[in-house]
Amino acid sequence: MARTLFDKIWDAHVVDRLEDGTCVLYIDRHLVHEVTSPQAFEGLRLAGRKVRRVDATIAVVDHNIPTDADRLKGINEPESKLQIDTLEQNVAAFGVPYFPISDARQGIVHVIGPEQGISLPGMTIVCGDSHTSTHGAMGALAFGIGTSEVEHVLATQTLLQKPAKNMLVQVDGVLPAGCTGKDIVLAIIGKIGTAGGNGHVIEFAGEAIRDLDMAGRLSVCNMSIEAGARAGLIAPDETTFAYIKGRPYAPQGADFDAAVAYWRTLPSDEGAQYDKIVVLDAAGIAPQVTWGTNPEAVIPVTGIVPNPADEADETKRGQMQRMLDYMALTPGQKIAGTPVDVVFIGSCTNSRIEDLRAAAAVAKGRHVAPGVRALVVPGSGLVKKQAEDEGVAQILIDAGFEWREAGCSMCLGMNPDKLTPGQRCASTSNRNFEGRQGPGGRTHLLSPAMAAAAAVTGVLTDVRELV
Amino acid sequence: MDKFALLTATAAPLNVANVDTDKIIPARFLKTIKRTGLGKSLFADMRYAADGSEKADFVLNQPKYRHAEILVAGDNFGCGSSREHAPWALLDFGIRCVIAPSFADIFFNNCFKNGILPIVLPEEIVAALMDDAALGTNARLTVDLEAQVVVRPNGTRIPFEVDAFRKHCLLNGLDDIGLTLEHTAAIDAYEAKIPAWQPKISGSPRFTERKK
Numbered sequence: 001m002a003r004t005l006f007d008k009i010w011d012a013h014v015v016d017r018l019e020d021g022t023c024v025l026y027i028d029r030h031l032v033h034e035v036t037s038p039q040a041f042e043g044l045r046l047a048g049r050k051v052r053r054v055d056a057t058i059a060v061v062d063h064n065i066p067t068d069a070d071r072l073k074g075i076n077e078p079e080s081k082l083q084i085d086t087l088e089q090n091v092a093a094f095g096v097p098y099f100p101i102s103d104a105r106q107g108i109v110h111v112i113g114p115e116q117g118i119s120l121p122g123m124t125i126v127c128g129d130s131h132t133s134t135h136g137a138m139g140a141l142a143f144g145i146g147t148s149e150v151e152h153v154l155a156t157q158t159l160l161q162k163p164a165k166n167m168l169v170q171v172d173g174v175l176p177a178g179c180t181g182k183d184i185v186l187a188i189i190g191k192i193g194t195a196g197g198n199g200h201v202i203e204f205a206g207e208a209i210r211d212l213d214m215a216g217r218l219s220v221c222n223m224s225i226e227a228g229a230r231a232g233l234i235a236p237d238e239t240t241f242a243y244i245k246g247r248p249y250a251p252q253g254a255d256f257d258a259a260v261a262y263w264r265t266l267p268s269d270e271g272a273q274y275d276k277i278v279v280l281d282a283a284g285i286a287p288q289v290t291w292g293t294n295p296e297a298v299i300p301v302t303g304i305v306p307n308p309a310d311e312a313d314e315t316k317r318g319q320m321q322r323m324l325d326y327m328a329l330t331p332g333q334k335i336a337g338t339p340v341d342v343v344f345i346g347s348c349t350n351s352r353i354e355d356l357r358a359a360a361a362v363a364k365g366r367h368v369a370p371g372v373r374a375l376v377v378p379g380s381g382l383v384k385k386q387a388e389d390e391g392v393a394q395i396l397i398d399a400g401f402e403w404r405e406a407g408c409s410m411c412l413g414m415n416p417d418k419l420t421p422g423q424r425c426a427s428t429s430n431r432n433f434e435g436r437q438g439p440g441g442r443t444h445l446l447s448p449a450m451a452a453a454a455a456v457t458g459v460l461t462d463v464r465e466l467v
Numbered sequence: 468m469d470k471f472a473l474l475t476a477t478a479a480p481l482n483v484a485n486v487d488t489d490k491i492i493p494a495r496f497l498k499t500i501k502r503t504g505l506g507k508s509l510f511a512d513m514r515y516a517a518d519g520s521e522k523a524d525f526v527l528n529q530p531k532y533r534h535a536e537i538l539v540a541g542d543n544f545g546c547g548s549s550r551e552h553a554p555w556a557l558l559d560f561g562i563r564c565v566i567a568p569s570f571a572d573i574f575f576n577n578c579f580k581n582g583i584l585p586i587v588l589p590e591e592i593v594a595a596l597m598d599d600a601a602l603g604t605n606a607r608l609t610v611d612l613e614a615q616v617v618v619r620p621n622g623t624r625i626p627f628e629v630d631a632f633r634k635h636c637l638l639n640g641l642d643d644i645g646l647t648l649e650h651t652a653a654i655d656a657y658e659a660k661i662p663a664w665q666p667k668i669s670g671s672p673r674f675t676e677r678k679k
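So the protein sequences, as listed, match chains A and B. Counting with the numbering used here, you get residues 1 to 467 for the letters of the first sequence. Counting with the numbering used here, you get residues 468 to 679 for the letters of the second sequence.
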């Protein structure tokens with residue numbers, strides 16, 4: 001029977017089946033960070049259990065670490081320090097490989113997995129973080145889990161799961177200039193909604209997806225969770241194989257050839273069945289920006305803020321009004337031209353070298369607008385070094401951007417990089433929930449190029465006017 | 468994990484769609500290495516003003532809902548992050564059951580791992596339960612997991628679906644890890660067949676730390 005990419009990866013990892021169809025699913029890679037792991041290691045300790053496969057596990061600190069250069073001298077915030085110290089004690093006690101902040105390979109867990117060649121096609125990959133869906137861009141089944149499941153994987157290298165449904169999102173045609181993977185995924189979420197993918201694994205396909213580089217694909221899969229999907233997937237192809245070749249933890253030599261031979265069997269078969277299919281035309285996508293407090297509240301930068309009065313459903317109307325009040329926007333106003341206080345370029349969605357290059361291309365020869373604070377936070381120490389070697393960093397520094405150390409930073413308001421109440425931020429991150437970037441902060445999600453355009457003009461701006 | 472079998476309790480109505488896990492517990496409260504003590508931070512930004520005082524109009528601040536053990540909520544409850552701190556905060560507050568028209572997948576899954584029963588019911592039935600909940604302590608709901616019914620204050624019995632395996636685990640307070648370890652031989656056999664090309668994250672990179 002014709003199978004999808006998801007079906008093939010799933011079938012290849014079923015260890016055992018329970019009577020009701022629940023599967024014991026084998027996990028190839030487990031990524032661990034400081035926030036969602038302490039209680040899991042404590043659980044192991046209490047039960048006298050070991051980590052079953054330390055050679056399939058990697059730990060890193062990213063969520064609550066500061067991103068200023070002084071951080072190597074020590075973490076000031078006592079609760080963050082406790083979580084980091086706890087992780088370091090746990091990786092030492094259980095023998096788990098670990099990248100500390102003193103290591104250039106440290107970075108956001110979803111950046112370093114692909115960067116190090118740890119995340120590979122056909123694998124099952126989990127992490128106690130919903131944006132684990134990012135690694136699906138490698139052609140891997142990757143999904144976020146809670147802390148109980150982190151403990152379950154540490155102890156057994158498996159999870160108890162039932163298969164998800166298959167959903168195909170096909171993006172045909174050629175993406176217009178000025179648009180990126182971020183714009184594609186925001187447009188998709190705008191179309192299907194934040195619950196559009198619930199219960200499904202989304203496979204992204206079509207010409208516009210195939211044309212994306214790995215950074216663009218990683219952005220697309222990263223935000224599949226914002227559409228409610230269990231995971232996002234993109235079939236591995238020559239772009240994927242070229243990206244993986246030579247990476248530190250990837251197979252080398254003959255092993256690489258053997259791996260590629262297997263990876264070529266993974267794409268969905270002709271005639272494979274999907275439970276749900278959505279088709280988009282890339283040619284119709286313009287640079288996107290969110291206006292509300294969930295990612296489906298998104299419009300093209302050329303658009304106007306919608307009017308709740310036009311919404312027939314009473315609950316939705318109330319929700320829209322609440323969003324507008326929180327965001328301090330007026331129905332009917334053009335979204336372009338809205339002044340911003342802060343610009344954040346970073347996060348597991350958009351902090352790779354390609355993202356920083358795109359921002360630098362816009363910032364080159366320009367300067368951050370007066371009164372705007374603009375931060376650039378590379379996704380890993382290695383991305384930071386590459387940007388410095390290529391001159392990308394200097395362009396951004398000359399343009400008045402803060403150039404910071406790798407971490408999750410202002411994506412989630414649990415480290416010193418936060419918005420203050422009422423501040424408006426053009427952000428390349430993934431969630432615009434109320435208070436996500438700091439209590440009372442207002443978030444507009446957009447691409448790195450769009451974020452740079454907002455930084456240099458001081459207002460939300462169609463980047464196509466600057467290039 | 469505590470067992471869940473039969474619960475008769477006050478239900479609190481939270482008629483908001485897309486309540487995300489940042490709303491259930493904002494990220495700044497995740498800096499803990501424990502599972503307990505998060506109840507006071509549950510719904511922090513909805514529940515407390517900037518000065519830390521309680522917002523009188525938030526449902527769980529109203530005297531009749533301070534001891535609610537059931538939450539009746541809107542569509543797509545628990546969307547967003549995978550943080551298990553969300554169910555931990557609900558549990559620490561005392562919530563053992565959440566009823567909504569739909570849930571986000573990871574949150575839904577995390578509930579079962581912590582002895583919380585999430586129940587999916589059609590929107591119009593949730594709306595009726597929301598009305599029951601609005602009556603406060605005078606109108607307690609009963610949730611009977613064994614029989615798979617919610618009993619309204621007027622006696623109407625509303626059947627609900629629950630995955631058989633998860634039901635079994637909840638009724639018996641079973642630890643998933645213990646169950647999975649019964650499959651150790653199958654896991655061993657699976658591992659023996661992992662292809663040789665698949666790399667191991669070997670050596671401990673901690674010992675090959677780079678100099679800045």
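We put the beta carbon where it would ideally sit given N, CA and C, even for glycine.
Out of curiosity, what's the CA-to-CA distance linking residue i and residue j?
i: ALA406 of chain A; j: LEU602 of chain B; result: 51 Å
i: ALA363 of chain A; j: GLY178 of chain A; result: 14 Å
i: PHE632 of chain B; j: VAL15 of chain A; result: 17 Å
i: ARG495 of chain B; j: PRO308 of chain A; result: 32 Å
i: GLY246 of chain A; j: HIS367 of chain A; result: 37 Å
i: TRP10 of chain A; j: GLN161 of chain A; result: 10 Å
i: THR349 of chain A; j: SER429 of chain A; result: 6 Å
i: ALA652 of chain B; j: ALA659 of chain B; result: 11 Å
i: CYS636 of chain B; j: LEU584 of chain B; result: 11 Å
Using a threshold of 8 Å, state whether the C-beta atoms of residue i and residue j are closer than that.
i: ALA336 of chain A; j: LEU460 of chain A; result: yes
i: ALA393 of chain A; j: ALA399 of chain A; result: no
i: LEU638 of chain B; j: GLU613 of chain B; result: yes
i: GLY131 of chain A; j: ASN222 of chain A; result: Residue identity differs from the one stated: residue 131 of chain A is His in this sequence, not Gly. For HIS131 of chain A and ASN222 of chain A, yes; Cβs fall inside 8 Å.
i: VAL526 of chain B; j: PRO480 of chain B; result: yes
i: PRO287 of chain A; j: ASP183 of chain A; result: yes
i: THR22 of chain A; j: ILE654 of chain B; result: no
i: VAL109 of chain A; j: ASP55 of chain A; result: no
i: ILE537 of chain B; j: PHE510 of chain B; result: no
i: HIS33 of chain A; j: VAL51 of chain A; result: no
i: MET504 of chain B; j: ASP469 of chain B; result: Looking at the sequence itself, residue 504 of chain B is Gly, so the reference to Met does not match. In this structure, ASP469 of chain B does not lie closer than 8 Å to GLY504 of chain B by Cβ.
i: ILE397 of chain A; j: TRP403 of chain A; result: yes
At what residues does the alpha helix (DSSP H) containing residue i begin and finish?
i: ALA652 of chain B; result: 651-659
i: VAL469 of chain A; result: The shown model of chain A, from 1 to 467, leaves out residue 469 of chain A, and the question about it has no answer.
i: ALA453 of chain A; result: 448-457
i: CYS578 of chain B; result: 572-579
i: ASP469 of chain B; result: Neither: ASP469 of chain B is in no alpha helix (DSSP H) and is coded neither H nor E.
i: ASP172 of chain A; result: ASP172 of chain A -> not in any alpha helix (DSSP H); beta strand (DSSP E) instead, spanning 165-172.
i: GLN288 of chain A; result: Run containing GLN288 of chain A: none in the alpha helix (DSSP H); it sits in the beta strand (DSSP E), 288-290.
Quick one: is residue i near chain E, going by C-beta distance under 8 Å?
i: PHE632 of chain B; result: Any reference to chain E falls outside this structure, whose protein chains are A and B.
Which residues in the same chain as residue i place their Cβ atom closer than 7 Å to its Cβ, once the five residues preceding and following it in sequence are excluded?
i: GLY173 of chain A; result: GLU207, ALA208, ASP281, ALA282 and ALA283
i: GLU151 of chain A; result: ALA40, GLY43 and LEU44
i: GLU590 of chain B; result: PRO568
i: GLY438 of chain A; result: GLY413, LYS418, LEU419 and THR420
Sorted by chain position, which residues of the same chain lie with C-beta nearer than 8 Å to residue i's C-beta, five sequence neighbours on each side aside?
i: ILE202 of chain A; result: MET167, LEU168, VAL169, SER224, ALA227, ALA229, ALA231, GLY232 and LEU233
Which same chain residues, not among the five before or five after residue i, have their C-beta less than 6 Å away from its C-beta?
i: ALA250 of chain A; result: GLY117 and ILE244
i: MET214 of chain A; result: TYR243
Between which two residues does the beta strand (DSSP E) containing residue i stretch?
i: ASP16 of chain A; result: 14-17
i: ALA203 of chain A; result: The sequence given here has Glu at residue 203 of chain A, not Ala. Element bounds for GLU203 of chain A: 200-205.
i: VAL610 of chain B; result: 608-611
i: PHE143 of chain A; result: 141-144
i: CYS127 of chain A; result: 124-127
i: LEU82 of chain A; result: That residue, LEU82 of chain A, is in no beta strand (DSSP E); its alpha helix (DSSP H) goes 78-94.
i: SER427 of chain A; result: 424-427
_Tell me which residues of the stretch 403-437 of chain A have at least one Cβ-Cβ distance to chain B shorter than 8 Å, keeping chain order._
LEU412, GLY413, MET414, PRO421, ARG431, PHE433, GLU434, GLY435 and ARG436
*What residues from the stretch 520-551 of chain B come within 8 Å of chain A, judged by C-beta to C-beta, listed N to C?*
GLY541, ASP542, ASN543, CYS546, GLY547, SER548, SER549, ARG550 and GLU551
*Taking only beta carbons into account, state which residues of the stretch 215-240 of chain A come closer than 7 Å to chain B, listed in chain order.*
The residues in question are GLY228 and ARG230.
*Listed in chain order, which residues of the stretch 476-501 of chain B have Cβ atoms closer than 9 Å to some Cβ of chain A?*
ASN482, VAL483, ALA484, ASN485, ASP487, THR488, ASP489, LYS490, PRO493, ALA494, ARG495, PHE496, LEU497, LYS498, THR499, ILE500 and LYS501
*Pull out every residue of the stretch 153-166 of chain A whose Cβ sits closer than 7 Å to any Cβ of chain B, in chain order.*
Those would be ALA155, THR156, GLN157, THR158 and LEU160, in chain order.
*Near-chain B residues of the stretch 137-151 of chain A - C-beta to any C-beta below 9 Å*: PHE143, GLY144, ILE145, GLY146, THR147, SER148, GLU149, VAL150 and GLU151
_chain B contacts from the stretch 95-111 of chain A (Cβ-Cβ distance under 9 Å)_ = GLY95, VAL96, PRO97, TYR98, PHE99, PRO100, SER102, ASP103, ALA104 and ARG105
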